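First residue of the sequence shown: 1, per the working numbering; consecutive thereafter. A virtual CB, placed ideally from N, CA and C, is assigned to each residue, including glycine. These numbers come from a predicted model, not from an experiment.
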Amino acid sequence: MPSIGPKALEELQTAMRFRTARESVLAANVAHVDTPGYRRRDLSFEGVLASERSRMVRTDAQHLPTPVVDPLRARVEMGPRGTRPDGNGVDLDEELVALHRNTGAFIDQANVLARLSALVRTAIGQG
């Protein structure tokens, strides 16, 4: 059974901070849908997290634990999508889908946090 300790809560909070930061970037893309020359941007936390964790493999129980990567340090990447004749690389439909998925993931994470909080309150006799 997975642990519900401080590390799990810290990682959940980190994921939620990333989702919040990514929403700002995606919203900026939507706001610039008609700005000539604007290139789509996105945060790729999954890629940063995977690369950080693969570099720091624990081969012994006495090794220091892998730190949680701060999502606000995640790189803002230029999107690989094509551009329109005016140089704008934003596809409104794709941005709205990305926003919807990001919001759904945030809601899922918030629900997990609420359930964990309820478990803790129950465990200490306040639920």
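Taking the CB atoms as reference points, tell me whether residue i and residue j lie closer together than 8 Å.
i: F106; j: R41; result: no
i: Q109; j: L12; result: yes
i: V30; j: L92; result: yes
i: Y38; j: V97; result: no
Locate the beta strand (DSSP E) running through residue i, then write down its first and last residues.
i: D42; result: R41 to L43
Would you kindly report the start and end of the unbroken alpha helix (DSSP H) that includes residue i?
i: T35; result: Counting along the chain, T35 falls outside any alpha helix (DSSP H), and DSSP gives it neither H nor E.
If you run the structure through DSSP and keep just helix, strand and coil, what is residue i?
i: I140; result: With the chain represented from 1 up to 127, any question about residue 140 goes unanswered, as that position is not in the structure.
i: A15; result: helix
i: P85; result: coil
i: D93; result: helix
i: S117; result: helix
Compare the C-alpha of residue i against each of the options and name the closest.
i: S44; options: A114, L119, A15 and D93; result: A15
i: L99; options: E23, T122 and R115; result: E23
i: P36; options: N88, E46, L9 and A27; result: N88
i: A146; options: N102, R115, H32 and D86; result: The shown model of the chain, from 1 to 127, leaves out residue 146, and the question about it has no answer.
i: E95; options: G5, P6 and V33; result: V33
i: L9; options: A123, I124 and V112; result: V112
i: K7; options: T83, L116 and D86; result: L116
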